[in-house]
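What follows is a single structure, written as structure tokens, with notes after it.
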Amino acid sequence: MRFLIPHTAYNAATMLALSGDEILMDDRSTLGPIDPQIMMPAHKE
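Mapping the sequence shown onto my numbering, position 8 (from 1) lands on 348, and the numbers just tick up by one.
What follows is the structure in structure tokens.
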């Protein structure tokens, strides 16, 4: 799958683009930072 980034891709859009086979960008395109969050089960004592 190819992703075309004409201007900016931030957060979830960056993660989607990184999941593809190819990212098409020009000199003005940017990928933003990602903030993946993993839910962990609560620790029971």
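For every residue, glycine included, the Cβ atom is placed at its ideal position computed from N, Cα and C.
{"query": "Touch test, the region 372-379 against the region 343-351, Cβ-Cβ under 8 Å, three pairs minimum", "result": "yes"}
{"query": "Beta-carbon proximity list for residue 342, same chain, < 8 Å, skipping 5 on both sides", "result": "360, 361, 362, 363, 364"}
{"query": "Coil, strand or helix - residue 365 by DSSP", "result": "strand"}
{"query": "Candidates 380, 367, 376, of which the one nearest residue 347 by Cα", "result": "367"}
{"query": "Length of the line joining the Cα atoms of residue 382 and residue 345", "result": "38 Å"}
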